[in-house]
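Chains as they are written, first to last, in the numbering used here: chain E, 85 to 285; chain H, 85 to 285; chain V, 85 to 285; chain R, 85 to 285. Ideal Cβ placement from N, Cα and C applies to all residues, glycine included.
Protein chains: 4
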Amino acid sequence: MSGSAAIQPVTERGKRTRRKLLDAATREFGDRGFHEASISGITRRAGVALGSFYTYFESKEAIFQALVRDFSEGVRLAASSGIAHSGTAIERERDALAAFLQFASEHKEIYRIIDEAEFVDPASYRSHYENTAQRILERLQAGNEAGELRDGLEEAHAWAIMGMNVFLGLRYAVWAKESDRLSEIPDIASTILAQGIAKQP
Amino acid sequence: MSGSAAIQPVTERGKRTRRKLLDAATREFGDRGFHEASISGITRRAGVALGSFYTYFESKEAIFQALVRDFSEGVRLAASSGIAHSGTAIERERDALAAFLQFASEHKEIYRIIDEAEFVDPASYRSHYENTAQRILERLQAGNEAGELRDGLEEAHAWAIMGMNVFLGLRYAVWAKESDRLSEIPDIASTILAQGIAKQP
Amino acid sequence: MSGSAAIQPVTERGKRTRRKLLDAATREFGDRGFHEASISGITRRAGVALGSFYTYFESKEAIFQALVRDFSEGVRLAASSGIAHSGTAIERERDALAAFLQFASEHKEIYRIIDEAEFVDPASYRSHYENTAQRILERLQAGNEAGELRDGLEEAHAWAIMGMNVFLGLRYAVWAKESDRLSEIPDIASTILAQGIAKQP
Amino acid sequence: MSGSAAIQPVTERGKRTRRKLLDAATREFGDRGFHEASISGITRRAGVALGSFYTYFESKEAIFQALVRDFSEGVRLAASSGIAHSGTAIERERDALAAFLQFASEHKEIYRIIDEAEFVDPASYRSHYENTAQRILERLQAGNEAGELRDGLEEAHAWAIMGMNVFLGLRYAVWAKESDRLSEIPDIASTILAQGIAKQP
DNA sequence: CATGAATGAGAGTTCATTCAT
DNA sequence: TATGAATGAACTCTCATTCAT
Numbered sequence: 085m086s087g088s089a090a091i092q093p094v095t096e097r098g099k100r101t102r103r104k105l106l107d108a109a110t111r112e113f114g115d116r117g118f119h120e121a122s123i124s125g126i127t128r129r130a131g132v133a134l135g136s137f138y139t140y141f142e143s144k145e146a147i148f149q150a151l152v153r154d155f156s157e158g159v160r161l162a163a164s165s166g167i168a169h170s171g172t173a174i175e176r177e178r179d180a181l182a183a184f185l186q187f188a189s190e191h192k193e194i195y196r197i198i199d200e201a202e203f204v205d206p207a208s209y210r211s212h213y214e215n216t217a218q219r220i221l222e223r224l225q226a227g228n229e230a231g232e233l234r235d236g237l238e239e240a241h242a243w244a245i246m247g248m249n250v251f252l253g254l255r256y257a258v259w260a261k262e263s264d265r266l267s268e269i270p271d272i273a274s275t276i277l278a279q280g281i282a283k284q285p
Numbered sequence: 085m086s087g088s089a090a091i092q093p094v095t096e097r098g099k100r101t102r103r104k105l106l107d108a109a110t111r112e113f114g115d116r117g118f119h120e121a122s123i124s125g126i127t128r129r130a131g132v133a134l135g136s137f138y139t140y141f142e143s144k145e146a147i148f149q150a151l152v153r154d155f156s157e158g159v160r161l162a163a164s165s166g167i168a169h170s171g172t173a174i175e176r177e178r179d180a181l182a183a184f185l186q187f188a189s190e191h192k193e194i195y196r197i198i199d200e201a202e203f204v205d206p207a208s209y210r211s212h213y214e215n216t217a218q219r220i221l222e223r224l225q226a227g228n229e230a231g232e233l234r235d236g237l238e239e240a241h242a243w244a245i246m247g248m249n250v251f252l253g254l255r256y257a258v259w260a261k262e263s264d265r266l267s268e269i270p271d272i273a274s275t276i277l278a279q280g281i282a283k284q285p
Numbered sequence: 085m086s087g088s089a090a091i092q093p094v095t096e097r098g099k100r101t102r103r104k105l106l107d108a109a110t111r112e113f114g115d116r117g118f119h120e121a122s123i124s125g126i127t128r129r130a131g132v133a134l135g136s137f138y139t140y141f142e143s144k145e146a147i148f149q150a151l152v153r154d155f156s157e158g159v160r161l162a163a164s165s166g167i168a169h170s171g172t173a174i175e176r177e178r179d180a181l182a183a184f185l186q187f188a189s190e191h192k193e194i195y196r197i198i199d200e201a202e203f204v205d206p207a208s209y210r211s212h213y214e215n216t217a218q219r220i221l222e223r224l225q226a227g228n229e230a231g232e233l234r235d236g237l238e239e240a241h242a243w244a245i246m247g248m249n250v251f252l253g254l255r256y257a258v259w260a261k262e263s264d265r266l267s268e269i270p271d272i273a274s275t276i277l278a279q280g281i282a283k284q285p
Numbered sequence: 085m086s087g088s089a090a091i092q093p094v095t096e097r098g099k100r101t102r103r104k105l106l107d108a109a110t111r112e113f114g115d116r117g118f119h120e121a122s123i124s125g126i127t128r129r130a131g132v133a134l135g136s137f138y139t140y141f142e143s144k145e146a147i148f149q150a151l152v153r154d155f156s157e158g159v160r161l162a163a164s165s166g167i168a169h170s171g172t173a174i175e176r177e178r179d180a181l182a183a184f185l186q187f188a189s190e191h192k193e194i195y196r197i198i199d200e201a202e203f204v205d206p207a208s209y210r211s212h213y214e215n216t217a218q219r220i221l222e223r224l225q226a227g228n229e230a231g232e233l234r235d236g237l238e239e240a241h242a243w244a245i246m247g248m249n250v251f252l253g254l255r256y257a258v259w260a261k262e263s264d265r266l267s268e269i270p271d272i273a274s275t276i277l278a279q280g281i282a283k284q285p
């Protein structure tokens, strides 16, 4: 992963080809995983010649990295746009999870792609989760300042919440079963955050 | 992944060689990931001839599957042996997490290997998490029956707890930083389970 | 032998490369036999890179099958073009054998390649001989209808004639000795067909 | 093919093991062909340990050669024992073919094994056919001397007859179909030898 | 004699990347 | 910019043969 900037097309036709390649790569990586995926599979899906790939991306890793960053941004946007600016801190977390579950349902490839980034592009993988945790932590601190959340909340709480969300997404958005009630999941998580799981006195 | 039983050595010497290969594979997969890992890398680390690999494992996938199952079993054992039979349900979850963090610290390859199983051996990946969630759920139900945990706990609660644990393990056992206080993590998670994160009235 | 169509080159350059590979394979298989032959031997003889082989053929079996079919067609053409449209039925068989012996002398690899097809591509092997027998049978029936050949000729007669031809080809075209008189062979076989080997009354 | 004498067992147990290996090899080579066959396949079928193979045979080629020679001898014996010492020369050829077809029906592997010898052990292959042709030629000469067969019969006639027999064996003994009448084949060939296929004047 | 683990050369095949057109 | 043929390093896997027990 050289970090070098992607090659940017100048013409309109070039932009369209680059877009087609990215869409095709999402499907190819989502279906087959990074290593089983092939450049020729991507160009075949995109309907362009094999050689054209290298007009837009330096390598297989480069297009993968571009996708991870797109998705990471997509998750961020989905969460932030799902959060109402009114409501309590607990409600904001519930809304963020609901928005994430929605996004994950619509983009099941996200799990394959982001998880596989652990092996293919560790830096992107790590920063995706570090950034996500950071945003959660900021919300927790805001909630504390607003007097809604208790003191002492720190990075570990953010990681715990993120872990809950990711696994609930894996189980209920990606591995969804007929009998699941996806709409109830945010409330379940929210109740844990509100009061834990112990019997109330 | 053909599910066919691994070839079992008959002699003592054969058992030693098989063990050497498994240990070497743990290092090779941990360092390089499944796809970058090579059979010759494994046999070189094990100090045996390339061909000897195939005396014990049918393929690269087969030894990987054997490792995933070994690790899955290791996680299970670590958690179950870490749990005191006395104590409350909340304490049992804390102890299970502490044992898991300990195991993960000692076997950092576990994350690479289990995460990569999503791509290499999806059946084992899935059953690892489904089984783990099932065991958590059983503990939650026992806690409810004992009057310690509230009613209505279900599969989703188990997945939420598992997600918390896994991500805390990733962040604090595998990506540990100097400044982290690993020993405090189980209490943090435990407090979330006991009372949530909201300000107490 | 998947029967899948060979990959067809689009450009002129591609056609030349495919041709070079087929010619090289004829020599390689002829010299070493299917199993001793290697793809790298073929590409070396053809003067192309190893990987280029797979641009045109799916596997070692696939190029072998292509050759068997080429040769089978070559034998058919040689025989049919060697047959004068005038002359008696017996003369036609003599001419067909003469043309076959000529073809076999010029393509000694044919025996190795077609015989080895029994093991490598049984379907092609079988249909080569079944088709050849069928064409002989059709000639016999035409000869019978013309009043030149006796009644009751059937598939077994065609196989008997084919066997004679093949073994005479093996002995006198492929394993030719200095002292042999290749040109007399068709007459010898022809006389057997005309009157058998018994003493004439 | 080093021509070195096979290792001869001295004990009774050793003889049995050697015999088991030969029988197993007949099946293995017959089913899979020389190159696909494996020593471990042979020892598995024979029910002996892999290493024991080399107690009795120097190499894979050596056991193959032993089988080819066994079979070659079997064909010779079948033909010679099938021939009545009374009867005409033409009848002797008919009986020889009948005996051969019988032998081939009972030992269908013979074709795979002898044909493959062309590639694996060319010397045995060649001498098998040269010897067979020589025996046919001797019978033809005897028939001529007895005044039953015409003058001028030579090596080529023997090869023609052998080719007929071999292909009739392939088609009607090895590739037999339900509708075939194996018992009629010797008469068909015999009639060709007696009078050819032309219409009798 | 019998056993089965150990060896390693050598094969076929894949595919990211380059290049000539 | 687009095309698709060409390249070759690197991989997994096989198996005849050897060897220690």
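CB of residue i within 8 Å of CB of residue j, strictly
| i | j | result |
| --- | --- | --- |
| GLN279 (chain V) | GLY280 (chain R) | yes |
| PHE155 (chain E) | PHE118 (chain E) | no |
| ALA244 (chain E) | MET248 (chain H) | yes |
| ALA173 (chain R) | LEU252 (chain R) | no |
| LEU221 (chain E) | GLU193 (chain E) | no |
| GLU177 (chain V) | LEU266 (chain V) | no |
| HIS241 (chain H) | LEU224 (chain H) | yes |
| ALA146 (chain R) | GLY166 (chain R) | no |
| LYS283 (chain H) | GLY231 (chain E) | yes |
Per-residue burial, residue i [other beta carbons within 10 Å of its own, 16 or more giving buried]
| i | result |
| --- | --- |
| TYR140 (chain R) | buried |
| LEU254 (chain E) | buried |
| LEU134 (chain R) | exposed |
| SER86 (chain H) | Any answer about SER86 (chain H) is weak, because its pLDDT of 37 lies below 50 and its placement is not dependable; what the coordinates show is given next. That one is exposed. |
| GLU200 (chain E) | buried |
| SER274 (chain E) | buried |
| ASP235 (chain E) | exposed |
| SER208 (chain R) | buried |
| ILE197 (chain H) | buried |
| GLY227 (chain R) | buried |
| ALA188 (chain V) | buried |
| PRO270 (chain R) | buried |
| LEU237 (chain E) | buried |
Closer than 7 Å at the beta carbon, the chain H residues around residue i
| i | result |
| --- | --- |
| ARG255 (chain E) | TRP243 |
Spatially closest choice to residue i from the options, by CA coordinates
| i | options | result |
| --- | --- | --- |
| ASP115 (chain R) | V:ALA273, V:ARG219, V:VAL250 and V:GLU202 | V:GLU202 |
| GLU112 (chain H) | H:GLU214, H:ARG128 and H:ARG100 | H:ARG128 |
| ARG210 (chain R) | V:TRP259, V:LEU266 and V:GLY131 | V:TRP259 |
| ALA109 (chain H) | H:GLN92, H:GLU96, H:VAL152 and H:ILE269 | H:VAL152 |
| GLU214 (chain V) | R:ASN228, R:ASN215 and R:TYR256 | R:TYR256 |
| ARG102 (chain V) | V:ALA282, V:ALA130 and V:ARG219 | V:ALA130 |
| ALA217 (chain E) | E:ALA163, E:ALA150 and E:PRO270 | E:ALA163 |
| ALA121 (chain H) | H:VAL204, H:LYS261, H:ARG219 and H:SER263 | H:VAL204 |
| GLN92 (chain E) | E:ILE123, E:ALA150 and E:ASP107 | E:ALA150 |
| ARG100 (chain R) | R:GLY125, R:SER124 and R:PHE137 | R:PHE137 |
| GLU142 (chain R) | R:ILE123, R:GLU175 and R:TYR195 | R:ILE123 |
| LEU161 (chain E) | E:TYR195, E:ASP107, E:LEU105 and E:ARG219 | E:ARG219 |
Closer than 7 Å at the beta carbon, the chain V residues around residue i
| i | result |
| --- | --- |
| SER231 (chain R) | The residue you asked about is not Ser; residue 231 (chain R) is Gly in the sequence shown. Neighbours of GLY231 (chain R) on chain V, chain order: LYS283. |
| HIS119 (chain R) | HIS119 |
Partners in chain E for residue i, counting only beta-carbon separations shorter than 7 Å
| i | result |
| --- | --- |
| VAL94 (chain H) | Those do not exist, as VAL94 (chain H) stays about 35 Å from chain E at its closest Cβ, beyond 7 Å. |
| GLU200 (chain H) | PHE203 |
Those residues which DSSP pairs with residue i across a bridge
| i | result |
| --- | --- |
| ALA282 (chain H) | E:LEU233 |
Chain-ordered neighbours of residue i on chain E, where CB pairs are closer than 8 Å
| i | result |
| --- | --- |
| GLN279 (chain H) | GLN279, GLY280 and ALA282 |
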